[in-house]
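Notes to accompany the following structure.
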Amino acid sequence: METLQKIDNKIFLEENLENITKICGEKTGPFNLSEIGNDPNFVFTNDPNYDVVVLFYSDGTKINVNSWIECANYVSGGWSSEIISNTNYEQFYFFFLSTVALSVLAYKNIYKKYVKK
Amino acid sequence: MLKNKSILKVLILFIVIFMPWFNSYDSTQQDTIPSLNKESVSFYQSNSCNISLISFLSNNSNYQEYEYRFESSVEIPCTGKVQYIEPVDDGFIVFIGFHSLVSIALQTTIWLIFISFIGAGEIKKISPINILILSILMLLHLMSESTYYSRYSSNFSIDLNFDNYFLFSYFLTFLFVSYFIDEICTSRTTKLIYYLPFIVLFQGTFLGMNLNFFVLILMFFGLKYFTKNLRIFNSISLVLIFLILNTDKKEYLYFDIDKLRGFSSSSSNFLSILFWSLSLVLIINGIYYIVSETTQVNYNLLIKNFILSGFLVVVFGILSSSNILLNRLFFLFFGQNKVSSENIFSVAGNSWRGFSPSAEMIGEFYGLIFLITFLKIINNKIVLKNYEYIFLIFIFYGFFRANNVASLIALISICIYFLIKNYIRNIEFRILLYIFVVSAFLVFGYFILRQNTYSNMGQAIINEGLLLSNVDSNLLSQRDYLSILDKANNGSNISTSLEFITKKLSSQSNIPFIPNPFAVLSVLSLFINRAEKWGVFFAKYDPNFQELYFGYGGLNLVNYNFDNSIILSGLVLPHSSFLSLLVFFGLIGIAFFVFTNIFLLYKNKNNYLMFYAIVYLLINLIKSDSLLYPPLFIIYFSFLFLLNKKTSQSYE
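Protein sequence lines correspond, in order, to chains B and H. With the working numbering, letter number 110 in the first sequence gets 530, and the count goes up by one each step, no holes. With the working numbering, letter number 31 in the second sequence gets 455, and the count goes up by one each step, no holes.
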């Protein structure tokens, strides 16, 4: 039973490895996620060389992780680096910039050509 | 009219610097915000992106006790607000939200306003095609380093569809940046060279991005004049890039570039190698263009600006180390790729880097200021004002604290050589003095290394390298390198480069009484304290035949770091700019670099100021990574092109 669980974990981890690497970066040491398992008392040690990564869960909660193994553990638990947001602020920003660009173009082409003359 | 324009610029500068921190500031709500402690931390955590930085500071008079970090992975409205507070053992980390799109806009505005204070020359036509090409190149960069940007930007996506406003926004932002670079910088190209020293102060790295503002400017100029100048260099470079792209390389998604942010690839794939290699070529073209546009170089002005810049770098370094909040704000406004030292005391290796990401690099910069000032003063061509002598005292303080002994020795040696060459007319006495100085250095070196034998010193690099390569420790302690190589396939991780130099060093066909070049290199490395670092380099540098000749690609340290199974914590740099060039462009690249330098130095040996400056920098590049930082890279190539400039200064 324990062996089956280990195989399951291995398959799960391999499937998630790409996602983990994408969010947490390349693995930098001999870490083993299966050792952590579901142990609620497991204490993650901070890695001073690791840039803090902010992770979000589907319910909106967030957490800052301080080591690769901590990050990998949370990502395998369904956490993600992307904020679940209902508003697309980049869309606003894009339209704002577009308006500015069009205004500048209008000023340069219309005002300078006709009004100034 | 001019005065009004300047007032308007200062006003915009003032607004841009202070506005973000008042985002959503509400003076009536101040009483509801508690001061930060263990009990109230949950209040801040549950009010993420609701409290402006000003509100936070006004409610926390002990703000100096906390650690501050910028967080780019936030929504745009979170800019300038407290995103999250994390309790740690000795206090709290305050994360300040700052979206990268906003930071590009804000930082570009500040730096372009500063550039706009330089008097404009002839107005030139806007080049829309180059603006478009540069923006497309930036998109290419985003796509090539998607793992890096997905970590630092919320909503990051490189999907090419009409709903991807993230990509549209970046594209439009870069169009704007490129347009304003053309509008503001092109008309000032004849004077830009004089402001070159300030690149050490305004480092130009965009917050949360792996891009540098000055790199963008130079790429823009490079694009403009790519087909007109440096045809041989460009042709060779393009062929080399083609060859690099055609070699099979392992791909890596993410590499932590740490203090090289803005000037190094964070992943290794076809697009990233193409982007960074092409960038380097364009940057060099851009530098060449700026130098060639300056008709008559006023070296006095250039040196005075070097002194002013050096002074400001020291002052801002001291200010940054005195206040944690200033430290972080300077990080944003000056575009630093690494935060300044957080205290005035020296830490690792008894060196203090102050405002710079590297103590080694800033030591070289201070040494360069002293060298060019000294050469000019000796030749009676510059009169310094009293305050400039005070500035030099500050620079000396920075130089002393940077603890760059190699720079100091190079500086003293060149100054002594210059004095002997110019002031001792009697040739015999001159030769006698040279012999005395060289002998003094040799005796000095002997007393440093006398406890060791030549044989041991000659093996220092390979010994350090093999220590990391999981080889038989008994054989290593006996220095039985041939047996180590014989057993090399049994679980050891000897890199191809380490294997090569170990074979060459222990070869039976070595000619008696003629020193082995690798043994000499090893002894020299001990003199300059590089035996361990270069041992690590050779242990990690594991190229195949093609990679050895053509390299891994411009600014690509990813394959060098990951193509082997030796894992070391942190960013492992080659600790020699020549070795970095070997990694980037292989033997062909480094041969081209060395040949070009020797040729230009020989051809222009009468341009004394640039000649000695280049020699000084080259000596330092042997043991430092300075070319990996944009300021020294740009200064180095500017000086190299100034050296070759016909109107440059020569001996009197």
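For each residue, glycine too, the CB sits at the ideal point set by N, CA and C. Bear in mind that the values here come from a model prediction, so they are computed numbers and not experimental data.
Chain-ordered neighbours of residue i on chain B, where CB pairs are closer than 9 Å
i                      : result
residue 677 of chain H : 438, 441, 442, 445 and 446
Amino acids of chain B, ordered along the chain, whose beta-carbon sits closer than 7 Å to that of residue i
i                      : result
residue 994 of chain H : 469
residue 501 of chain H : 509
Whole-Å CB distance - residue i paired with residue j, under 8 Å assumed
i                       : j                       : result
residue 602 of chain H  : residue 555 of chain H  : 4 Å
residue 744 of chain H  : residue 770 of chain H  : With a Cβ gap of about 15 Å, residue 744 of chain H and residue 770 of chain H do not count as contacting.
residue 445 of chain B  : residue 488 of chain B  : 7 Å
residue 524 of chain H  : residue 628 of chain H  : Wrong, their Cβ atoms sit about 15 Å apart, outside the cutoff.
residue 974 of chain H  : residue 664 of chain H  : 6 Å
residue 535 of chain H  : residue 626 of chain H  : 6 Å
residue 557 of chain H  : residue 640 of chain H  : Their Cβ separation, rounded to whole angstroms, is 12 Å, which puts residue 557 of chain H and residue 640 of chain H out of contact at 8 Å.
residue 610 of chain H  : residue 548 of chain H  : 5 Å
residue 922 of chain H  : residue 889 of chain H  : 5 Å
residue 1038 of chain H : residue 1008 of chain H : Actually they do not touch by this definition, with Cβ atoms about 20 Å apart.
residue 933 of chain H  : residue 885 of chain H  : Not quite, the Cβ-Cβ distance comes to about 20 Å (not below 8 Å), so this is no contact.
residue 697 of chain H  : residue 1010 of chain H : Actually they are not in contact, since the Cβ atoms of residue 697 of chain H and residue 1010 of chain H sit about 13 Å apart, beyond 8 Å.
residue 485 of chain B  : residue 475 of chain B  : 6 Å
Chain H contact residues for residue i, given Cβ-Cβ distances below 9 Å
i                      : result
residue 508 of chain B : 579, 587, 589 and 590
Closer than 8 Å at the beta carbon, the chain B residues around residue i
i                      : result
residue 525 of chain H : 510 and 513
residue 495 of chain H : 474
residue 508 of chain H : 474, 482 and 484
Interface partners of residue i on chain H, CB under 8 Å
i                      : result
residue 517 of chain B : 593, 596, 597 and 600
residue 473 of chain B : 575
Under 7 Å from the C-beta of residue i: neighbouring residues of chain H
i                      : result
residue 526 of chain B : Correct list: empty, because the minimum Cβ distance to chain H is about 15 Å.
ask   = At what residue ranges does the region 541-587 of chain H contain a whole run of the alpha helix (DSSP H), taking only runs of 4 or more?
value = 552-568 and 570-576
task = Tell me the start and end of each unbroken beta strand (DSSP E) in the region 967-1050 of chain H that is at least 3 residues and wholly inside, in chain order.
result = none
query = Quick check: the region 979-995 of chain H against the region 677-684 of chain H, are there 3 or more CB pairs under 8 Å?
reply = yes
query = Do the region 569-582 of chain H and the region 480-493 of chain H touch if we need at least three Cβ pairs shorter than 8 Å?
reply = no
message = Beta carbons nearer than 8 Å to chain B: which residues of the region 977-1002 of chain H have them?
response = 986, 991, 993 and 994
task = For the region 824-839 of chain H and the region 787-801 of chain H, state whether three or more C-beta atom pairs, one from each stretch, are separated by less than 8 Å.
result = yes
query = Can you list, in chain order, the stretches of the alpha helix (DSSP H) that have 4 or more residues and sit fully within the region 799-848 of chain H?
reply = 810-826 and 829-847
query = Listed from N- to C-terminal order along the chain, which residues in the region 550-574 of chain H have their beta-carbon within a distance smaller than 7 Å of any beta-carbon of chain B?
reply = 571 and 574
inquiry  = Using a Cβ-Cβ cutoff of 7 Å, what residues of the region 1034-1049 of chain H are near chain B? List them in chain order.
reply    = none
The region 580-587 of chain H / the region 694-707 of chain H touching (three or more Cβ pairs under 8 Å) = no
task = Check whether the region 916-928 of chain H touches the region 861-880 of chain H, counting contact only when three or more Cβ pairs, one atom from each stretch, lie closer than 8 Å.
result = no
query = Name the residues in the region 664-697 of chain H whose C-beta lies less than 9 Å from a C-beta of chain B; which are they?
reply = 676, 677, 678, 679, 680 and 682
key: At least 3 beta-carbon pairs within less than 8 Å: the region 776-791 of chain H vs the region 820-833 of chain H   = yes
key: Positions along the region 443-474 of chain H whose CB lies within less than 8 Å of some CB in chain B   = 472
inquiry  = Contact between the region 608-620 of chain H and the region 665-675 of chain H is defined here as three or more beta-carbon pairs at a separation below 8 Å; is this criterion met?
reply    = no
request  = Report yes or no: do three or more beta-carbon pairs, one from the region 680-699 of chain H and one from the region 1047-1057 of chain H, lie closer than 8 Å?
outcome  = yes
ask   = What alpha helix (DSSP H) runs, 4 residues minimum, are completely inside the region 487-522 of chain B?
value = 488-496
key: Contact the region 499-515 of chain H vs the region 469-481 of chain H: 3+ CB pairs below 8 Å   = yes
task = Can you check the region 742-791 of chain H for any alpha helix (DSSP H) of at least 4 residues that lies completely inside it and give the ranges in chain order?
result = 748-757
task = Pick out the complete beta strand (DSSP E) segments inside the region 482-515 of chain H, 3 residues or longer, and give them in chain order.
result = 491-495 and 505-512
query = Is it a yes or a no for the region 726-739 of chain H touching the region 786-795 of chain H, going by three-plus beta-carbon pairs under 8 Å?
reply = yes
query = Between the region 948-963 of chain H and the region 998-1018 of chain H, are three or more C-beta pairs nearer than 8 Å?
reply = yes
ask   = Is there contact here, the region 455-463 of chain H with the region 476-487 of chain H, by at least three beta-carbon pairs under 8 Å?
value = yes
inquiry  = Report the start-end ranges of each alpha helix (DSSP H) in the region 603-645 of chain H that is 4 residues or longer and not cut off at the edges.
reply    = 613-616
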